[in-house]
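Okay, so here's the structure we're looking at.
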Amino acid sequence: MPTVLEPAAKLPLAVRKNVRDKFESKKEGLEKQLSDILGETWKIDINPNAIYVYAEDNSYGKDNLGGCLHSYVADTIWNLKYFLEKHGDLGKTELNTVATAHTLTLAFDESGTVRYASCDIHDGTLRLLFQENNLGTNISAATKIEQLESALCAATPDAPLSYSARINIAKAWDAKLPELQKKIGAQLANDKIVLDPNFVAVYAALKAAPVVAKERPDWEQSLGYIMNQYFNGLLHTLAYQKFEKDDMLQEGFAEAVEKGEIRFRVVEKLGRTYNESVIEEGVFWMQTKPETWATNCGDVGSDVVNLL
Numbered sequence: 012m013p014t015v016l017e018p019a020a021k022l023p024l025a026v027r028k029n030v031r032d033k034f035e036s037k038k039e040g041l042e043k044q045l046s047d048i049l050g051e052t053w054k055i056d057i058n059p060n061a062i063y064v065y066a067e068d069n070s071y072g073k074d075n076l077g078g079c080l081h082s083y084v085a086d087t088i089w090n091l092k093y094f095l096e097k098h099g100d101l102g103k104t105e106l107n108t109v110a111t112a113h114t115l116t117l118a119f120d121e122s123g124t125v126r127y128a129s130c131d132i133h134d135g136t137l138r139l140l141f142q143e144n145n146l147g148t149n150i151s152a153a154t155k156i157e158q159l160e161s162a163l164c165a166a167t168p169d170a171p172l173s174y175s176a177r178i179n180i181a182k183a184w185d186a187k188l189p190e191l192q193k194k195i196g197a198q199l200a201n202d203k204i205v206l207d208p209n210f211v212a213v214y215a216a217l218k219a220a221p222v223v224a225k226e227r228p229d230w231e232q233s234l235g236y237i238m239n240q241y242f243n244g245l246l247h248t249l250a251y252q253k254f255e256k257d258d259m260l261q262e263g264f265a266e267a268v269e270k271g272e273i274r275f276r277v278v279e280k281l282g283r284t285y286n287e288s289v290i291e292e293g294v295f296w297m298q299t300k301p302e303t304w305a306t307n308c309g310d311v312g313s314d315v316v317n318l319l
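Numbering (the numbering used here), first residue to last: 12 to 319.
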């Protein structure tokens, strides 16, 4: 495990001057930039005395501590701009919500799990973390988009949907749902057809199955996309069977699926290898099992005509 050191009682005069000139004098401006980006008042709370003790001789942190601290914060601001370009208001709201202290700090990684630099959210504070013997190394990597996303997920481990899942759902499902619903509705002559991905239950089932993370480590980051593939698989089958031009097929679907709902779920056993569809109590269910999640999505509704 890394060796945790006590903060320095007092920094050398030259170091204090460097911190004052290169960091403290610019902190107010940095806080304003950070607050402007995140739309809330944020502050920067870094203890130079607690950081300096980890600086190696002839290193950036030792020779220019103020500049080093400034770089950590400035790079974070730049990375947050990029993060919000990709994640939008959802990312901004999430960060402001889980980082309740609205404070940015720099800390030594006591866990021994960080390689060079990373970040986490600890006691409501966004912490930039550096690895033992690596203060000032790979500074910009601390808050690269993957690190920020992981930190947000780790901050709410018991959430019904992780942040990674929710941002992908927003991009790959919610944004495309109106057009998808319109196309499936046209095939079935029912513009009121309900498409229900059942995300919370699906997420819980996949998270509970170790095989999913083992075989598809990106399953959370692609949850919305894969769900879209399943529903588009059904759409492809409906179009292939020419439902849109066949009154008999449309009427048959309406009679069998009397609730007008197409839903998705994860089950323990299937009647087919990868996935299947069934009709239960007036609901059209597409389903798969954890072991075959995201496999052959396009086939999920291939037997729709035989079910009617």
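Backbone N, C-alpha and C fix where the C-beta goes; we use that ideal spot for every residue, glycine too. Please read all numbers here as calculations on a predicted model, not as lab measurements.
In angstroms with no decimal places, state the Cα-to-Cα distance between A11 and T111.
In the structure as shown, the chain begins at 12 and stops at 319. Residue 11 is therefore absent and cannot be evaluated.
Can you give the Cα-Cα distance for E255 and A267, rounded to whole angstroms?
What you label residue 255 is simply residue 244 of the sequence shown in a count that begins at 1. What you label residue 267 is simply residue 256 of the sequence shown in a count that begins at 1. Going by the C-alpha atoms only, they are around 17 Å apart.
By Cβ distance, which residues of its chain are closer than 6 Å to Y83, with the 5 residues on each side in sequence left out?
Taking the sequence shown and counting its residues from 1, the one referred to as residue 83 is at position 72. Around Y83: L117, L139 and I150.
Would you mind reading off the limits of the alpha helix (DSSP H) that contains R27?
The residue labelled residue 27 in the question sits at position 16 within the sequence shown. L24 to V30 is the span of the alpha helix (DSSP H), which, as asked, contains R27.
For M297, does the count of other Cβ atoms within 10 angstroms reach 16, so buried, or fall short, so exposed?
On the sequence shown, residue 297 is found 286 positions in, with the first residue counted as 1. Here M297 is buried, its C-beta having at least 16 other C-beta atoms within 10 Å.
Going along the chain, which unbroken runs of the beta strand (DSSP E) with 3 or more residues stay wholly within the stretch 208 to 267?
Counting only runs of 3 or more residues that sit fully inside the stretch 208 to 267, no beta strand (DSSP E) segment turns up.
Should E332 be labelled buried (16 or more other beta-carbon atoms within 10 Å of its own) or exposed?
Coverage of the chain is limited to positions 12 through 319, which leaves residue 332 absent and any answer about it impossible.
Determine, using beta-carbon pairs with one atom in the stretch 209 to 218 and one in the stretch 187 to 199, whether at least three such pairs fall under 8 Å.
no
Return helix, strand or coil for T136, following the three-state DSSP convention.
Position 125 of the sequence shown holds residue 136. Note: T136 maps to strand in three-state DSSP.
N-terminal and C-terminal residue of the beta strand (DSSP E) that V277 is part of
Within the sequence shown, numbered from 1, the residue matching residue 277 stands at position 266. Run containing V277: E272 to V277, per the beta strand (DSSP E) assignment.
Pair within 9 Å by beta-carbon distance, H115 and K54:
Against the sequence shown, residue 115 aligns to sequence position 104. Against the sequence shown, residue 54 aligns to sequence position 43. Looking at the sequence itself, residue 115 is Leu, so the reference to His does not match. Yes. Within cutoff.
Helix, strand or coil for W184 per DSSP?
Here residue 184 is taken as the residue at index 173 of the sequence shown, counted from 1. When secondary structure is reduced to three states using DSSP, W184 falls in the helix class.
Nearest residue (CA-CA) to T14, options S173, V64, I88 and P59:
Indexing the sequence shown from 1 puts residue 14 at position 3. Nearest option by C-alpha distance: V64.
Express the C-alpha separation of N75 and V30 in angstroms, rounding to a whole number.
Start at 1 with the first residue of the sequence shown, and residue 30 comes out as number 19. Start at 1 with the first residue of the sequence shown, and residue 75 comes out as number 64. About 8 Å.
As a quick exercise: from E121, D120 and I62, pick the residue whose alpha carbon is nearest that of K21.
Mapped onto the sequence shown, residue 21 falls at position 10. Of the listed residues, the one whose Cα sits closest to K21 is I62.
Determine the extent of the alpha helix (DSSP H) in which W53 is found, giving its start and end residues.
Mapped onto the sequence shown, residue 53 falls at position 42. The continuous stretches of alpha helix (DSSP H) do not include W53, and DSSP gives it neither H nor E.
Residues in its own chain within less than 6 Å of D202 by CB, not counting five upstream and five downstream?
If you number the sequence shown from 1, residue 202 lands on position 191. Answer for D202: G196, listed in chain order.
Give me whichever residues DSSP pairs with L206 in a beta bridge.
Numbered from 1 along the sequence shown, position 195 holds the residue referred to as residue 206. Paired residue(s): I273.
Can you find the residues in the same chain that come closer than 8 Å, C-beta to C-beta, to L239, ignoring five residues on each side of it along the sequence?
As a working note, residue 239 is residue 228 in the sequence shown. As written in the sequence, residue 239 is Asn, which differs from the Leu given in the question. For N239, where only same-chain residues beyond five positions count, the Cβ hits under 8 Å are A183, W184, K187 and L191.
For D131: DSSP bridge partner residues:
What you label residue 131 is simply residue 120 of the sequence shown in a count that begins at 1. R138.
Out of I273, I132, K28 and C308, which has the shortest C-alpha to C-alpha gap to H113?
In the sequence shown, counting from the first residue as 1, residue 113 sits at position 102. If we check each option's Cα against that of H113, I132 comes out closest.
Starting from S82, follow the alpha helix (DSSP H) in both directions and report where the run begins and ends.
Translated into the one-based positions of the sequence shown, residue 82 becomes position 71. That run of the alpha helix (DSSP H) goes L76 to V109.
A165 lies in the alpha helix (DSSP H); which residues open and close that run?
By one-based count along the sequence shown, residue 165 stands at place 154. From DSSP, the alpha helix (DSSP H) with A165 extends over I156 to A166.
Out of curiosity, what's the CA-to-CA distance linking L318 and L246?
Numbered from 1 along the sequence shown, position 307 holds the residue referred to as residue 318. Numbered from 1 along the sequence shown, position 235 holds the residue referred to as residue 246. Computed Cα separation, rounded: 16 Å.
Tell me which residues share the same chain as K155 and place their Cβ nearer than 8 Å to its Cβ, disregarding the 5 neighbours each side in the sequence.
Here residue 155 corresponds to residue number 144 of the sequence shown, with the count starting at 1. Cβ within range, chain order: N90.
Please state if the CB of E272 and the CB of V316 are separated by a distance shorter than 9 Å.
By one-based count along the sequence shown, residue 316 stands at place 305. By one-based count along the sequence shown, residue 272 stands at place 261. Taking 9 Å as the cut-off, the beta carbon of V316 is found no closer than this to the beta carbon of E272.
May I ask which residues mark the beginning and end of the alpha helix (DSSP H) holding N317?
By 1-based counting over the sequence shown, the position of residue 317 is 306. Run containing N317: V315 to L318, per the alpha helix (DSSP H) assignment.
Would you mind sorting T299 into buried or exposed? The rule is 16 or more other CB atoms within 10 Å of its CB.
Residue 299 sits at position 288 when you count from the first residue of the sequence shown. Counting other Cβ atoms within 10 Å of its Cβ, T299 reaches 16 or more and is therefore classed as buried.
Is it true that the CB of A19 sits closer than 9 Å to the CB of L146?
In the sequence shown, residue 146 corresponds to position 135, counting from 1. In the sequence shown, residue 19 corresponds to position 8, counting from 1. No, they are not a contact pair.
Would G102 pass as a contact of L159 if the rule is Cβ separation under 9 Å?
One-based indexing of the sequence shown puts residue 102 at position 91. One-based indexing of the sequence shown puts residue 159 at position 148. Contact: yes.
Which value, in whole angstroms, describes the spacing of the CA atoms of R276 and L49?
Translated into the one-based positions of the sequence shown, residue 276 becomes position 265. Translated into the one-based positions of the sequence shown, residue 49 becomes position 38. A direct Cα-Cα distance of roughly 37 Å separates R276 from L49.
Which residue wins for smallest C-alpha separation from I178, given the options K225, Q232, L137 and E143?
For the purposes of this step, residue 178 is taken as the residue at position 167 of the sequence shown. Per the Cα distances, Q232.
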